[in-house]
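According to this note's numbering, the sequence shown is numbered sequentially starting from 3.
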Amino acid sequence: MKSLSSGQIRQMFLDFFQEKGHTIEPSASLIPVDDPTLLWINSGVATMKKYFDGSVVPKNPRMTSSQKSIRTNDIENVGKTPRHHTLFEMLGNFSVGDYFKKEAIAWAFELLTSPKWFGWDKDKLFMTVYPKDTDAKKYWEAVGVSPDHIIEIEDNFWDIGQGPSGPDSEIFYDRGKDFDNLADDDPENYPGGENDRWLEVWNIVFSQFNHTPQDTYEPLPRKNIDTGMGLERVVSIFQHARTNFETDLFLPMIHKTEESSDHKTYNTSKQDDVAFRIIADHARAITVAIGDGALPSNVGRGYVIRRLIRRAIVNGQRLGIKTSFLYKLVPVVGETLKTYYPEVLEQKDYIAKVVRSEEDRFNETLADGLKLLHQVIQSAKDNHQVTIDGPTAFKLYDTYGFPFELTREEANDANLDVDEKGFKAEMQKQKDRARKARSGAKSMGVQRDLLIEIKDHSEYVGYETLDVAKAKLLAIVENEKLVSETKADTAELVFDQTPFYAEMGGQVADRGVILNDDGDKVADVVDVQHAPNGQNLHTVKTQEPLIKGQTYHLAVDPLFHSRVEKNHTATHLLDQSLRNVLGGHTQQAGSLVEPDYLRFDFNHFGQVTDEDLQKVEDLVNKEIFKEIDVKTTITDPKTGKKMGAIALFSEKYGDKVRVVSIGDFSVEFCGGTHVSNTRDIGLFKIVSESGVGAGVRRIEAVTSKNAFELLNKEEKALKQVAANLKVTQIKDVPHRIEQLQDEVKTLEQKQSALEAKLAGQQAQNVFADKKAAGNYTIITGVIKDAGMAQLRQLADTWRSKKLSDVLVLGTGSGQKANLIVAVADDKVKSGLKAGDLIKSIAGNIKGGGGGRPNMAQAGGKDPSGLDKAMNAAVSWLINK
């Protein structure tokens with residue numbers, strides 16, 4: 003067999019299909035664009051949905067790609083099995099309404115067996131087919147596959163619900179008897195079963211049915227091919243590796259981890275090998291994901307990143323690594339992927355900084371987690387329990403990153419077991435919550451074939467004019483039918499030319515009117531979108547019938563258009579200003595350009611300070627006041643990049659692109675409309691800045707008249723404040739507020755001192771009333787006109803004087819009540835806990851609380867229940 007690197011294998015696959023007329027599609031970002039059904043891009047076809055459901059017609063119906071993907075539904079098996087990964091690459095070839103089974107099967111066999119390409123022994127290949135798919139079986143036999151190497155399996159039918167579906171054929175490689183991990187008579191010991199010998203390398207889906215909303219399967223108007231080949235698996239075959247981890251995709255990270263470990267090496271013990279593999283896999287996943295804009299957080303994608311980092315760190319500790327080490331693997335990952343993903347290595351310093359920060363933070367959390375785990379173990383032993391419950395084990399896993407196995411090991415050392423069934427139940431609940439959060443949207447739409455049939459050429463002329471006197475009406479869509487004349491109130495129209503901008507790149511569509519030859523309005527244009535073949539599709543509200551073939555006067559609302567243009571150009575200035583102020587790592591994560599405001603989402607690690615936000619706003623206005631000409635150049639993507647144009651990693655660009663330049667300050671690929679000079683924007687004002695997701699910040703801003711009105715509104719509010727403060731000039735407001743703050747602080751200090759004095763006087767009477775409660779002594783009391791600070795001070799006094807075993811104090815006014823419980827240190831050692839007592843009595847004040855074993859507090863909204871709480875505390879102790 004040939005000796006090939008992972009980079010050579012990937013390129014060979016792409017070159018093969020390029021020779022077969024396929025366009026090589028670049029790998030998309032791991033972060034899905036406009037797809038709420040996915041947390042991550044999880045397959046090659048995930049980036050092709052718009053082609054498969056017919057919403058967009060590709061320039062070439064034959065495409066091929068190597069798509070980086072992430073799947074976390076089976077993360078527990080990563081490292082334990084030869085082939086489970088978090089991040090993987092899916093090689094694929096796709097046909098949208100072009101070739102079908104015969105060609106797909108012939109080319110797959112050619113790639114795998116031809117000496118020019120993979121050159122594998124055909125006798126080592128086995129194919130599975132859907133029993134009813136006689137065509138697939140026939141075509142496999144036709145290319146030379148022996149009938150006894152073709153296996154019928156009922157599960158070979160690809161179906162993800164509504165949308166395209168169909169039978170599939172899987173290809174397996176026989177690795178030989180040395181890889182047998184099952185007995186000869188084991189029911190799973192066959193190509194397609196759960197075993198190590200027959201390795202699935204390729205799945206070819208013959209997408210030929212529409213799974214309809216009525217749950218029927220109708221023939222697709224255009225049949226498609228969708229295939230997926232796991233690069234990691236193929237590399238393991240070429241490199242004679244027992245698992246995917248002994249390849250050039252993972253071994254560099256494993257060897258780098260060995261340098262940080264406590265003299266541990268790979269391939270010495272099963273437990274250590276699993277730890278090395280988990281670290282290599284997770285380092286690879288987080289590096290690429292952070293490079294694509296994901297950042298650690300507690301929700302969504304950020305939660306996945308944080309969880310992977312924490313799992314890697316915990317496994318590093320198993321190898322004796324006590325300090326931060328994961329960030330050192332970032333450049334190693336970059337080196338393994340640099341032939342196809344050079345951007346990873348280019349961002350290595352930024353990615354390493356993010357990982358290092360998260361590592362340092364988690365090392366502190368891990369120490370807290372170990373303390374909690376030991377407390378849980380001690381509590382279980384004190385209460386004569388033999389098992390740690392599932393929810394507690396899941397909390398350790400979810401919050402502190404402790405794998406179930408680590409919790410069980412620690413528990414077993416203390417002669418305790420862990421409820422694995424309960425742990426798995428909690429894990430399933432979490433998965434169900436995540437699935438439910440994305441279940442409201444369709445995974446892939448049913449093909450809408452009607453619009454695909456509209457192939458008339460339509461030209462957008464809105465860059466030059468907002469008014470077209472004679473536009474020929476080429477197509478009318480009404481109630482999902484092509485008609486010659488409108489009869490309904492709403493219709494979709496295509497003209498041979500149009501000045502109306504179709505929504506794209508965050509810029510909203512133009513609005514305007516359609517007039518007849520007499521100048522009378524016949525329709526309002528309320529929306530414009532791109533049809534599958536690229537025409538601008540106008541959604542209109544009709545006043546009079548429109549007739550196909552006639553000409554009409556199309557007029558864009560100039561004020562609406564102008565306001566949108568101002569905000570769009572301001573968005574470009576904002577984008578570059580953020581890069582200048584916050585750093586080059588800042589990437590656009592989404593935008594919306596409306597006539598009244600603009601919204602800009604961007605990736606950033608950490609919050610944006612008020613100082614930096616002001617710098618950004620000042621920089622944008624500085625460029626506006628420079629009165630810079632805005633120029634547009636039409637060129638090819640390669641030339642555009644040489645010009646320094648910034649490209650969105652999630653976008654795919656055609657043969658010709660528009661490069662929008664604002665002097666030498668901002669150069670971007672953009673198909674939107676813009677002002678001719680920055681002075682046209684007038685003024686830029688940031689309205690708000692906030693976090694909207696994992697590592698994603700959002701700025702909303704206004705320009706021109708809206709910015710002027712905002713400043714006027716703020717000035718009016720300041721004048722009102724000045725009047726209330728009785729100062730004559732706005733500039734004196736800050737100084738007057740500082741004076742008032744000082745006065746308030748002085749009064750608060752006096753009030754606190756008086757409350758403490760009053761509470762102390764009341765406490766003398768309370769402390770004198772010590773009661774017996776079962777085997778304990780207790781002091782209880784309700785203190786008037788006090789706060790939690792005073793209650794804590796009294797608790798400190800009580801503890802220093804050792805006045806009783808337990809203290810319970812309360813205070814309240816209006817609809818607010820507070821409780822504090824303190825327990826003497828010697829009683830804590832014997833098992834009495836303040837937190838247990840506070841939880842039992844907090845309900846009396848309609849509240850809840852908790853705290854340390856020797857001190858706990860609670861808040862509630864029913865002060866009338868304070869006396870009941872005191873009595874309940876005594877009863878609780880008596881029954882203890």
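Ideal placement from N, C-alpha and C gives every residue a C-beta, glycine not left out.
Compare the C-alpha of residue i against each of the options and name the closest.
i      : options                           : result
Ala110 : Lys124, Pro639 and Lys70          : Lys124
Gly867 : Arg854, Ile847 and His242         : Ile847
Ala490 : Leu793, Ala775 and Leu548         : Leu548
Gly586 : Thr267, Gln349, Lys687 and Gln69  : Gln349
Val768 : Ala797, Leu742, Asp666 and Glu190 : Ala797
Ser71  : Val80, Asn44, Asn79 and His86     : Asn44
Phe627 : Leu685, Asn518 and Ala836         : Leu685
Gly608 : Asn95, Ser299 and Val80           : Ser299
Arg320 : Gln763, Pro333, Asp294 and Lys272 : Lys272
Thr588 : Lys426, Arg699 and Gly837         : Arg699
Thr325 : Val527, Leu368, Thr115 and Ala413 : Leu368
Gly814 : Ala703, Pro254 and Gly783         : Gly783
Glu702 : Asp170, Glu91, Ser593 and Phe710  : Ser593
Gln210 : Leu297, Gln552 and Ala138         : Ala138
Asp526 : Phe604, Gly507 and Tyr554         : Tyr554
Thr573 : Gly536, Glu91, Val470 and Thr705  : Thr705
Asp631 : Pro639, Ile683 and Gln531         : Ile683
Lys134 : Ser460, Glu156 and Gly121         : Glu156
Exposed or buried, what is residue i when buried is set at 16 or more other beta-carbons lying within 10 Å of its beta-carbon?
i      : result
Ile281 : buried
Val98  : buried
Gln509 : buried
Gln216 : exposed
Glu234 : buried
Asn538 : buried
His386 : exposed
Gly163 : exposed
Glu466 : exposed
Ile681 : It should be pointed out that residue 681 corresponds to Arg in this sequence rather than to Ile. Flag for Arg681 reads exposed.
Asp1   : Beyond the ends of the chain as shown, which are 3 and 882, falls residue 1; an answer cannot be given.
Glu670 : buried
Leu749 : exposed
Ile739 : exposed
Ser692 : exposed
For residue i and residue j, what's the separation of their Cα atoms in angstroms?
i      : j      : result
Ile206 : Leu93  : 11 Å
Thr267 : Glu260 : 6 Å
Leu1   : Leu6   : Look at the range of the chain in this structure, 3 to 882, and you will see that residue 1 is not part of it.
Lys759 : Leu879 : 30 Å
Leu556 : Phe497 : 10 Å
Leu484 : Leu475 : 13 Å
Thr571 : Arg12  : 40 Å
Met872 : Ile843 : 8 Å
Lys330 : Phe240 : 28 Å
Asp182 : Asp150 : 20 Å
Ala185 : Asp176 : 16 Å
Val236 : Glu567 : 50 Å
Gln377 : Ser877 : 28 Å
Ile648 : Leu468 : 28 Å
Ile454 : Ser57  : 8 Å
Lys619 : Tyr399 : Correcting the residue type first, residue 619 is Glu in the shown sequence and not Lys. Those two C-alpha atoms are separated by around 43 Å.
Mind checking if residue i is an interface residue toward chain C, Cβ cutoff 8 Å exclusive?
i      : result
Ser815 : Among the protein chains of the structure shown there is no chain C, as only one such chain exists.
Q. Going along the chain, which unbroken runs of the alpha helix (DSSP H) with 4 or more residues stay wholly within the stretch 504 to 592?
A. 560 to 584
Q. Which runs of the alpha helix (DSSP H) fall wholly inside the stretch 250 to 319 and span at least 4 residues, in chain order?
A. 253 to 262 and 272 to 293
Q.
Taking 8 Å as the cut-off, does the stretch 240 to 248 touch the stretch 284 to 296 (at least 3 CB pairs, one atom from each stretch)?
A. no
(Q) Does the stretch 853 to 867 come into contact with the stretch 817 to 833, if we say contact requires no fewer than three beta-carbon pairs (one atom in each stretch) closer than 8 Å? (A) yes
Q | contact_flag[the stretch 26 to 35, the stretch 416 to 434] where n(CB pairs < 8 Å) is 3 or more | A | no
Q) Enumerated in chain order, which unbroken segments of the beta strand (DSSP E) with a length of 3 residues or greater are wholly contained in the stretch 205 to 258? A) 219 to 232
**Q.** Sequence ranges, alpha helix (DSSP H) only - wholly within the stretch 314 to 369, length at least 4
**A.** 332 to 339 and 344 to 348
(Q) Using 8 Å as the cut-off, can you tell me whether the stretch 302 to 318 makes contact with the stretch 611 to 629, which would need three or more C-beta pairs spanning the two stretches below that distance? (A) no
**Q.** Contact the stretch 415 to 423 vs the stretch 369 to 388: 3+ CB pairs below 8 Å
**A.** yes
Q: Could you name each continuous alpha helix (DSSP H) segment of 4 residues or more that falls completely within the stretch 808 to 858, going from the start of the chain to the end?
A: 827 to 831 and 836 to 843
**Q.** 3 or more residues per run - each beta strand (DSSP E) lying fully within the stretch 676 to 713
**A.** 686 to 695 and 698 to 705
**Q.** beta strand (DSSP E) segments (min. 3 residues) lying fully within the stretch 601 to 663
**A.** 632 to 637
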